[in-house]
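**Student:** Quick mapping for you: the protein sequence lines, in order, are chains A and B. Position 206, counted from 1, in the first sequence is what the working numbering calls 280; the numbers after and before it change by one each time, with no gaps. Position 150, counted from 1, in the second sequence is what the working numbering calls 154; the numbers after and before it change by one each time, with no gaps. Note that CB positions come from ideal geometry on N, CA and C, so glycine has one too. Here it is, the structure, as structure tokens.
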Amino acid sequence: MEYQINGTTMQTVEVTLKRGETVYTESGGMAWYVGDFKMETNMAGGLMGAIGRKLAGESMFMTTYACESEQGKMTFAASYPGHIHILNLGEGQSMICQKDSFMCAQTSVTLATHWRKKLGVGLLGGEGFVLQKLTGPGTAFAEISGEITEVELAAGQTMKVDTGHVALHEPSVQFDVEMVKGVKNILFGGEGLVLARLTGPGKVWLQSMPISNLAARIIPYVPAKG
Amino acid sequence: MVEDTTSKGVDRHFAAIFGLHGDSGKSCQARLIPSPGGLLIEAEGLATRSVSYDEIVPSLGGTEGDHLVLTAGDPQRGGLLIYIDSRDTRSTLAQVASPRLREALLRLEEHRLTRNRRTFVKWIAAAIAVSAAVWGLWLGLALLTDVAVSKIPHKWETELGKLALRKALADKEVLQDPKVTEAIGSISSRLVQAARGQPYKFHFQVVKDQQVNAFALPGGEVVIMSGLIAASRTPEEFAGVLAHEMQHVIGRHGLRQMIHSLGIVVVAQIAFGGAGELLAILRNRAPRLLSLKFSRKQETEADTKGLELLHAARISPGGLISFFERLSRKEGAVGEGLSFISTHPASKRRIADLRQVLSREPAGSSVEFQLHWKEVRRRCRA
Numbered sequence: 075m076e077y078q079i080n081g082t083t084m085q086t087v088e089v090t091l092k093r094g095e096t097v098y099t100e101s102g103g104m105a106w107y108v109g110d111f112k113m114e115t116n117m118a119g120g121l122m123g124a125i126g127r128k129l130a131g132e133s134m135f136m137t138t139y140a141c142e143s144e145q146g147k148m149t150f151a152a153s154y155p156g157h158i159h160i161l162n163l164g165e166g167q168s169m170i171c172q173k174d175s176f177m178c179a180q181t182s183v184t185l186a187t188h189w190r191k192k193l194g195v196g197l198l199g200g201e202g203f204v205l206q207k208l209t210g211p212g213t214a215f216a217e218i219s220g221e222i223t224e225v226e227l228a229a230g231q232t233m234k235v236d237t238g239h240v241a242l243h244e245p246s247v248q249f250d251v252e253m254v255k256g257v258k259n260i261l262f263g264g265e266g267l268v269l270a271r272l273t274g275p276g277k278v279w280l281q282s283m284p285i286s287n288l289a290a291r292i293i294p295y296v297p298a299k300g
Numbered sequence: 005m006v007e008d009t010t011s012k013g014v015d016r017h018f019a020a021i022f023g024l025h026g027d028s029g030k031s032c033q034a035r036l037i038p039s040p041g042g043l044l045i046e047a048e049g050l051a052t053r054s055v056s057y058d059e060i061v062p063s064l065g066g067t068e069g070d071h072l073v074l075t076a077g078d079p080q081r082g083g084l085l086i087y088i089d090s091r092d093t094r095s096t097l098a099q100v101a102s103p104r105l106r107e108a109l110l111r112l113e114e115h116r117l118t119r120n121r122r123t124f125v126k127w128i129a130a131a132i133a134v135s136a137a138v139w140g141l142w143l144g145l146a147l148l149t150d151v152a153v154s155k156i157p158h159k160w161e162t163e164l165g166k167l168a169l170r171k172a173l174a175d176k177e178v179l180q181d182p183k184v185t186e187a188i189g190s191i192s193s194r195l196v197q198a199a200r201g202q203p204y205k206f207h208f209q210v211v212k213d214q215q216v217n218a219f220a221l222p223g224g225e226v227v228i229m230s231g232l233i234a235a236s237r238t239p240e241e242f243a244g245v246l247a248h249e250m251q252h253v254i255g256r257h258g259l260r261q262m263i264h265s266l267g268i269v270v271v272a273q274i275a276f277g278g279a280g281e282l283l284a285i286l287r288n289r290a291p292r293l294l295s296l297k298f299s300r301k302q303e304t305e306a307d308t309k310g311l312e313l314l315h316a317a318r319i320s321p322g323g324l325i326s327f328f329e330r331l332s333r334k335e336g337a338v339g340e341g342l343s344f345i346s347t348h349p350a351s352k353r354r355i356a357d358l359r360q361v362l363s364r365e366p367a368g369s370s371v372e373f374q375l376h377w378k379e380v381r382r383r384c385r386a
């Protein structure tokens, strides 16, 4: 499978498939295609898998496209301003992604629900209780809100992130939350009550504009009803 | 047996390994071969490395703290950090490792399971706490609504009721029959007289509608469907329904439901502050009074106090019960026409409750109505 990312801040990814090659996406993820494709929609992973997927911000149904011509080009479009992140996953290699971020992947990649086990992180971490876990081998594409920054943490090295800016990270990265210290900082610091503390080893990809921040800036300009 | 599992598992054991390239922050996906002599690591482009089991210090780590982390040497100085996710790999490793490492791995696994159980309990506790908070909020809302309702002047209710009435009568025709009006007047005046000391001025109207129903709006506007009169066998049955509806007004049930639906923030504002801009909000929402549902508690209150009112007016209270009983028997057969039943489910329990209230009341002497009720019903059937 070959692919090409097009565009600048409202990107699309075009994948080129040979006969018999397959990609899958959540239903409604495909934008356009050239060539012949066989489309098959099902509740991959059974009902529980579908429910987990729904909680993780995806559709309950997944659609698989199999190329039926010599060559076919299929394009997937991002659903919010930002960038498309390419994940080339080795066999057994996993990546933990924020909910909503999965776009499409080769069928060899598994998309699973990652449940937060730490209560505090789930409640206050800014990413909710349910995330997505992609496991290789294969190539997958994830949506990032805004611009992307990659940080590599050495073993034991930590960084602090305002909640919501963590787009994806390797599963070796430890994820905790900590309270912002000082009453004045909490009330007037504008960073919220908690920060995410990430501890290496492993890579973290940060997004510049979480969709919730963008929405918060737009809401004041939305005309009130009635 | 040991060899069997290793040979079977050869292809399936993978780990993210840090330090293979001498950089502790860069992971490398590699294949693990847990063999009796040591842990073999195969990564693309690198020579196979063997790590002795004696070098390995196991711990738990990763995002949720449930990955098995094997540390071999100092990660800052060329040592390795091996992150294992798969349960299969963990158990295979425990089977082939040296006795020391095996024991450490089993201890860790036990620790992991204990922690998982604790996590489960914590989540359950959190779920219970959340439900308790929601319940508390709901209870708080009920209390605050009572406070808020007490702050609303009766005059407002009358105004809201009139607004809703206009909407209700928009597509209805009022029954202008002097015989019917007179009969309704003589029944209702006895009830109104008995309900002394309440601030509302009641006003009764009959509309041409074959539904067996009646409704009361805040402030005292009562609308009676002609179908209700036609379905009442005696004036006492009809008076029972009227008494029930009047108690909805006196108990301010409509206003309470309306305020309750505004949500806890608004309700708290009214309860702690003033009613200020509320009238405008309520005016906008006045049409909703027509589709409003009373709570079960309010229905019970209207039943009980309705019986008291009948008693005070010296009207035989058995009418309300016999009306309910008859309608509930018919419920299945007649269906749609019985909307009074659909908004006032005449369950066996309700009838039993009514009977119980009735038995507590001292049997007073009732005065029968002197009306040509058959004629009134006939005029309402047309």
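Buried or exposed, going by whether 16 or more other CB atoms sit within 10 Å of the CB of Phe18 (chain B)?
**Tutor:** Answer is buried; the Cβ neighbour count reaches 16.
**Student:** Run through chain A and tell me which residues come within less than 8 Å of Leu85 (chain B), C-beta to C-beta.
**Tutor:** Correct list: Ala229, Ser246, Pro275.
**Student:** Following the continuous beta strand (DSSP E) through Asp236 (chain A), name the residue where it begins and the one where it ends.
**Tutor:** From DSSP, the beta strand (DSSP E) with Asp236 (chain A) extends over 232-236.
**Student:** Run through DSSP, which three-state label would His239 (chain A) get?
**Tutor:** Correct three-state label for His239 (chain A): coil.
**Student:** Exposed or buried, Ile292 (chain A), counting other C-beta atoms within 10 Å across all chains shown (16 or more means buried)?
**Tutor:** Result: exposed.
**Student:** By a C-beta neighbour count over all protein chains shown, 10 Å radius and 16 as the cutoff for buried, is Arg200 (chain B) buried or exposed?
**Tutor:** Arg200 (chain B) comes out exposed.
**Student:** How would you call Asp8 (chain B), buried or exposed, if buried means at least 16 neighbouring beta carbons within 10 angstroms?
**Tutor:** Caution applies to Asp8 (chain B), whose pLDDT of 41 falls short of 50 and renders its modelled position unreliable; the model cannot decide the point.
**Student:** What residue from A:Ala151, A:Lys191, A:Gly146 has the CA that sits closest to Gly81 (chain A)'s CA?
**Tutor:** Closest by alpha carbon: A:Ala151.
**Student:** List the residues of chain A whose Cβ lies closer than 9 Å to the Cβ of Ala172 (chain B), in chain order.
**Tutor:** Residues of chain A passing the Cβ test: none, with the nearest at roughly 23 Å.
**Student:** Can you check DSSP and say which residues form a bridge with Met136 (chain A)?
**Tutor:** Answer is A:Glu100, A:Asn116.
**Student:** Could you pull out every unbroken beta strand (DSSP E) segment of at least 3 residues lying fully inside the stretch 83-108 of chain B, listed in chain order?
**Tutor:** Fully enclosed beta strand (DSSP E) runs of 3 or longer: 84-88.
**Student:** Do Gly244 (chain B) and Gln302 (chain B) count as a contact pair if the criterion is CB distance below 8 Å?
**Tutor:** Their beta carbons are not under 8 Å apart, which means Gln302 (chain B) does not touch Gly244 (chain B) by this criterion.
**Student:** Locate the alpha helix (DSSP H) running through Ser54 (chain B), then write down its first and last residues.
**Tutor:** Taken as a continuous stretch (DSSP letters only), Ser54 (chain B) belongs to no alpha helix (DSSP H), being part of the beta strand (DSSP E) at 53-55.
**Student:** Return helix, strand or coil for Glu252 (chain A), following the three-state DSSP convention.
**Tutor:** Of the three classes helix, strand and coil, the one that applies to Glu252 (chain A) here is strand, per DSSP.
**Student:** Can you pull the chain B residues whose beta carbon is under 7 Å from the beta carbon of Leu193 (chain A), in chain order?
**Tutor:** Going along chain B in sequence order, the residues near Leu193 (chain A) (Cβ under 7 Å) are Lys126, Trp127, Ala130.
**Student:** Do Met250 (chain B) and Leu296 (chain B) count as a contact pair if the criterion is CB distance below 8 Å?
**Tutor:** It is not a contact, given that the beta carbons lie outside the stated cut-off.
**Student:** For Ile170 (chain A), tell me which candidate among A:Glu95, A:Leu288, A:Trp279 has the shortest Cα-Cα distance.
**Tutor:** Measuring from the Cα of Ile170 (chain A), the nearest candidate turns out to be A:Trp279.
**Student:** If distances are taken between C-alpha atoms only, which option among B:Arg292, B:Leu246, B:Glu240, B:Ala247 comes closest to His264 (chain B)?
**Tutor:** Considering only alpha carbons, the answer is B:Arg292.
**Student:** Please state the DSSP three-state secondary structure of Gln202 (chain B).
**Tutor:** Note: Gln202 (chain B) maps to coil in three-state DSSP.
**Student:** Three-state secondary structure (DSSP) at Glu340 (chain B)?
**Tutor:** For Glu340 (chain B), the pLDDT reaches just 40, beneath the cut-off of 50, and the residue's location in the model is therefore unreliable, leaving the point undetermined.
**Student:** Report yes if the C-beta distance between Thr96 (chain A) and Thr184 (chain A) is below 8 Å; otherwise report no.
**Tutor:** No.
**Student:** From what residue to what residue does the beta strand (DSSP E) around Lys147 (chain A) run?
**Tutor:** Unbroken beta strand (DSSP E) run through Lys147 (chain A): 145-151.
**Student:** Tell me the DSSP bridge mates of Lys277 (chain A)?
**Tutor:** The partner list for Lys277 (chain A) (beta bridge, DSSP) reads A:Glu226.
**Student:** Consider the Cβ of Gly49 (chain B): report whether some Cβ of chain A lies at a distance smaller than 8 Å.
**Tutor:** With 8 Å as the cut-off, Gly49 (chain B) does not count as an interface residue toward chain A.
**Student:** Just to confirm, is the Cβ distance from Ala306 (chain B) to His252 (chain B) under 8 Å?
**Tutor:** Against a cut-off of 8 Å, the Cβ pair of His252 (chain B) and Ala306 (chain B) comes out as a contact.
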